[in-house]
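Student:
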Amino acid sequence: VYLKRCRLSLSPATINGWQMLLGLAPLAPIAAGLGDGFRLPLTPHLVGGLIWLIGMVSFVANALLFTLQKRDPLRASAWLLLSPVISYAQAAVVLGEPVHWTDAFGAGLVMVGLAISGVLSVRLTPRLR
């Protein structure tokens with residue numbers, strides 16, 4: 001919403017790229033100082049995880065977000081609140097992770113908040129014609 005008000009001539013993808021690079025600059029030295037070097041064993045799980053993160057999270061999810069932002073920035077921002085709910089569901093289905101009552105309660109609060117904000121339309125009674 002803020003970037004829309006600034007009326008920058010850059011595309012959302014370019015702005016996102018600069019945000020990533022500028023966020024990396026202060027975090028890279030901190031990560032290097034806290035870690036014991038950059039040694040990652042190249043395993044199929046690592047490669048698969050990187051492909052998933054780069055493909056789905058970076059490209060597909062951002063493309064979907066940018067498309068939603070072009071249509072209605074406020075609704076797109078509100079839908080970002082569903083990210084943890086979708087992550088819990090994906091972890092439960094794909095990885096077999098348990099979903100605790102606190103997770104379900106938090107997801108319910110998000111859904112109620114979206115319903116109150118008008119992003120998620122809920123019909124409690126059927127419409128009569």
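Residue numbers (my numbering): 1 to 129.
By construction, the Cβ of each residue, glycine as well, lies at the ideal position given by its N, Cα and C atoms.
If you compare alpha carbons, which of Ile116, Ser9 and Leu42 is closest to Ala78?
Tutor: Ile116
Student: Can you look up Gly35 in the DSSP assignment and give me helix, strand or coil?
Tutor: Correct three-state label for Gly35: coil.
Student: Taking 8 Å as the limit between beta carbons, can you name the residues of its chain near Gly33, skipping five residues before and five after?
Tutor: Listed in chain order, the non-local C-beta contacts of Gly33 below 8 Å within the same chain number zero, local neighbours out to five positions each way being set aside.
Student: Assign Leu114 to buried or exposed, taking buried as 16 or more other Cβ atoms, counted over all protein chains shown, within 10 Å of its Cβ.
Tutor: buried
Student: Which ranges does the alpha helix (DSSP H) cover as unbroken runs of at least 4 residues, wholly within the segment 38 to 117, from first to last along the chain?
Tutor: 44 to 52, 62 to 71, 73 to 79, 83 to 94 and 101 to 117
Student: Suppose you measure from the CA of Leu24 to the CA of Pro44; what does that come to, to the nearest Å?
Tutor: 26 Å
Student: Using DSSP with H/G/I as helix, E/B as strand and the rest coil, what is Arg5?
Tutor: helix
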